[in-house]
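If you read the sequences in order, they're chains A and B. First residue of the first sequence: 678, per this note's numbering; consecutive thereafter. First residue of the second sequence: -18, per this note's numbering; consecutive thereafter. Positions of the beta carbon are idealized from the N, C-alpha and C atoms, including for glycine. So the structure is just underneath, and the comments pick up after that.
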Amino acid sequence: MTNITPTKRGFTIVETLVAVTILMIAVVGPLTIVNQALRAAKDANNQMIASNLAQETMELVKNQKDQNTTAGVTWLNGISSPATPCTQTDPKSNLASLACDMQFGTSPDSYQYITCGGSGLNNCQLFKTTTGNTSTSYTHAGPPYVQTPFTRYYYLNPVTGDPTMLYQVLVRVVVSWSSGSGYTNQVQLQDFMTSAPQ
Amino acid sequence: MIVSLAIFTVVAVVAAAALLRIVSDNSKAQSLQSAINNVSYVLDAISREMRTGTNFQCTVGASNPSFSSDRKSLNPPSQSCAMAVPSQNTVVAFLSSQVDPAVPSCRLIYVYRFNAPTSPTSGNATVTKAQQSTCGQSLSDLDYFPVFDVGNLTNFTQLYDFRVSVHTTTAGYSWAVFRLWGSAGERIQDSSLFDVETAVSQRIHD
Chain A
678 MTNITPTKRG FTIVETLVAV TILMIAVVGP LTIVNQALRA AKDANNQMIA SNLAQETMEL
738 VKNQKDQNTT AGVTWLNGIS SPATPCTQTD PKSNLASLAC DMQFGTSPDS YQYITCGGSG
798 LNNCQLFKTT TGNTSTSYTH AGPPYVQTPF TRYYYLNPVT GDPTMLYQVL VRVVVSWSSG
858 SGYTNQVQLQ DFMTSAPQ
Chain B
-18 MIVSLAIFTV VAVVAAAALL RIVSDNSKAQ SLQSAINNVS YVLDAISREM RTGTNFQCTV
42 GASNPSFSSD RKSLNPPSQS CAMAVPSQNT VVAFLSSQVD PAVPSCRLIY VYRFNAPTSP
102 TSGNATVTKA QQSTCGQSLS DLDYFPVFDV GNLTNFTQLY DFRVSVHTTT AGYSWAVFRL
162 WGSAGERIQD SSLFDVETAV SQRIHD
C-alpha cells in the first residue's frame, strides 16, 4: 500500500527574496526619479525668486545710471566709486571681495548702494522683514530679520578697451542660494551698460 | 510559506505606498512648476510695459482709487505711491509705448489695478488692466480685464499678496517695486510658499 501525499508547495524563501528584489528595483527606480523631479521643482521655485531678486538689482543699477545721465553727473555715481569700488577684473571669478548691492530704505521710496562683499554687511546675505501676513521685503540688514537662503551682490567688470570704465561696463548680478542637499545654486544676470541712454 | 507570504505582503504594501507617493509628488512638482511659470510670465509682461512707459501716476485707496483717463491727468510730475497695506488697492496708470495709429503722436494710456484679497485668510489678490485702444478713449470699470487671477488657476492654493509701489526720481524717471506672496500647489498639504520681490525701472527715451 502506497501512502500518497498531495504536493502543496508554497513560495520558498529564495523565491520570495527574488520577487522582493525585483519589486524593490521596480519601485525604487521611479521613486528616485520622481524625487529628483520634485527637488527640481523646488529649485525652480528658488530660481524664480533668485531671478527676480537679480532683476531688481539690475533695474536699480540702470535707474541710477539713467538718473546720472539726466543730471549730467558721473555716470557711475551711486553705483561705484573710488572709495568703494564695486569692481572685479576677473569676470569668471565668483569672489565677491568688492561686491555691492542696491538696498532699499525702510520703505522702497529710495535706494542706495552698499558694499557687502568680503566680510561686509552680513556677507551679502539677504534677510526678510516680517510684517504680518504680507509679502516681505528683502534686506541685507541682519537679525532680528529672518535669514533667507539667498545672497545677492553685483560687481562691475571693465570692458576690453575701456579699463577705467569711462563709457561702458559689464554689470554682473549674482544671487546664490544653498539647497537642502548641500550644494549651492546660482543665478547670474549680466548686461552691458553704456554711459549713453539705453 | 507563511514567513514568505508575510515578507512579500510587507514589501507589496511598501511598494504600493511608494507608487502612490510617486503619483502625488509628480502632481505636486508639475503644479509647482506651472505656478512658477505663471508668476514669471505675468511679472515679465507687466515689467515690459512699464519699462517703456512714462508719466506714471500711482494711487492707493481702500476701494478702487478713481482714475481719470484724461491724458492731461498723466502730465508730469509723476505721482509716486508707497507700498499699500494689505487691505488697500493700488492703481498705476502710465503712457505706454503704443500709439494710436490714427494719431501717431498720441501714446495710449495703460492702467493696472492691483486688488487686495477680500480676506487675508481666503480670497486672492488680483491684477486687472484697462488700456485705451484710441486716443482720448474714456476708460470705465467695464474696460478692466483680468491679468492675473489665480482663482481661475488650479495650480495656486492662494495668492495672499500682489502689491506695487511706484517711485519717481527728481529727474522724473520712475521705478516700481513688486511684491508677491502666495502658495503654489493644488492642495494645501502639497503647497509651497513663494515670496517674490522685484523691481522695474523706466528707461530713458531718446
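Check whether residue i and residue j have beta carbons under 8 Å apart
i       : j       : result
L24(B)  : N729(A) : yes
Y831(A) : V738(A) : yes
T746(A) : I185(B) : yes
V145(B) : T40(B)  : no
P67(B)  : A97(B)  : yes
T828(A) : L866(A) : no
V191(B) : M31(B)  : Summary: the structure shown does not reach residue 191(B), with chain B confined to residues -18 through 187, and so no result is reported for it.
P35(B)  : F75(B)  : It is worth fixing the name first, because residue 35(B) is Thr in this sequence and not Pro. Closer than 8 Å, so yes.
V147(B) : V92(B)  : no
A165(B) : S12(B)  : yes
Chain A within 8 Å of residue i, Cβ atoms only
i         : result
I17(B)    : yes
E167(B)   : no
D171(B)   : no
R184(B)   : yes
F37(B)    : no
E30(B)    : no
F95(B)    : no
F175(B)   : yes
I90(B)    : no
W(-14)(B) : Looking at the sequence shown, residue -14(B) is not Trp but Leu. True, the Cβ-Cβ gap to chain A drops below 8 Å.
A(-4)(B)  : yes
D130(B)   : no
Y125(B)   : no
Y22(B)    : no
T179(B)   : yes
L0(B)     : yes
A152(B)   : yes
I3(B)     : yes
D6(B)     : yes
V41(B)    : no
Q60(B)    : no
Minimum Cβ-Cβ distance from residue i to chain B less than 8 Å
i       : result
F804(A) : no
N810(A) : At N810(A), the pLDDT of 49 sits below 50, so the modelled position is not reliable and the matter cannot be decided from this model.
S758(A) : no
T747(A) : yes
F869(A) : no
D743(A) : yes
A776(A) : no
N800(A) : no
V848(A) : no
V823(A) : no
N862(A) : no
Y832(A) : no
Y790(A) : no
CB-CB length for residue i against residue j, believed under 8 Å
i       : j       : result
F137(B) : G163(B) : 6 Å
S59(B)  : G132(B) : In fact, because the Cβ distance is near 32 Å, the residues do not count as touching under 8 Å.
G819(A) : Y790(A) : About 18 Å separates the two Cβ atoms, so there is no contact after all.
F95(B)  : F143(B) : 6 Å
L89(B)  : C116(B) : 7 Å
Range of the contiguous beta strand (DSSP E) that encloses residue i
i       : result
Y832(A) : 823 to 835
L140(B) : 137 to 149
Q845(A) : 845 to 855
C39(B)  : 35 to 42
I791(A) : 788 to 792
G163(B) : 155 to 165
Y93(B)  : 84 to 96
A74(B)  : 70 to 81
M779(A) : 777 to 781
D868(A) : 861 to 871
P759(A) : Unbroken run through P759(A): none, as it is neither H nor E.
F175(B) : 173 to 182
Among the options, nearest to residue i - alpha-carbon criterion
i        : options                             : result
I726(A)  : G117(B), L174(B), H148(B), S68(B)   : L174(B)
T816(A)  : V697(A), V846(A), C777(A), Y844(A)  : C777(A)
V697(A)  : A(-13)(B), S8(B), A83(B)            : A(-13)(B)
G841(A)  : V851(A), Y831(A), S872(A), F827(A)  : Note that residue 841(A) is Thr in the sequence shown here, rather than Gly. Of the listed residues, the one whose Cα sits closest to T841(A) is S872(A).
N7(B)    : V738(A), R716(A), V695(A)           : R716(A)
Q713(A)  : Q867(A), Q865(A), G857(A)           : G857(A)
V(-5)(B) : F688(A), T693(A), V705(A)           : V705(A)
S762(A)  : I690(A), N800(A), C793(A)           : It is worth fixing the name first, because residue 762(A) is Pro in this sequence and not Ser. P762(A) has its Cα closest to that of C793(A), out of I690(A), N800(A), C793(A).
V84(B)   : S61(B), A106(B), Q118(B)            : Q118(B)
N723(A)  : S853(A), M870(A), G859(A), F869(A)  : S853(A)
S757(A)  : P835(A), G687(A), Y860(A)           : P835(A)
T825(A)  : E167(B), V108(B), T102(B), D176(B)  : D176(B)
D122(B)  : R160(B), Q112(B), R2(B), S77(B)     : Q112(B)
A169(B)  : I(-17)(B), R160(B), S5(B), A(-1)(B) : According to the sequence as given, residue 169(B) is Ile; it is not Ala. Out of I(-17)(B), R160(B), S5(B), A(-1)(B), S5(B) has the C-alpha closest to the C-alpha of I169(B).
T151(B)  : D743(A), M701(A), S855(A)           : D743(A)
(request) Determine which residues of the region 724 to 738 of chain A have a Cβ less than 7 Å from any Cβ of chain E, and write them out in chain order. (result) Note that chain E does not occur in the displayed structure, where the protein chains are A and B.
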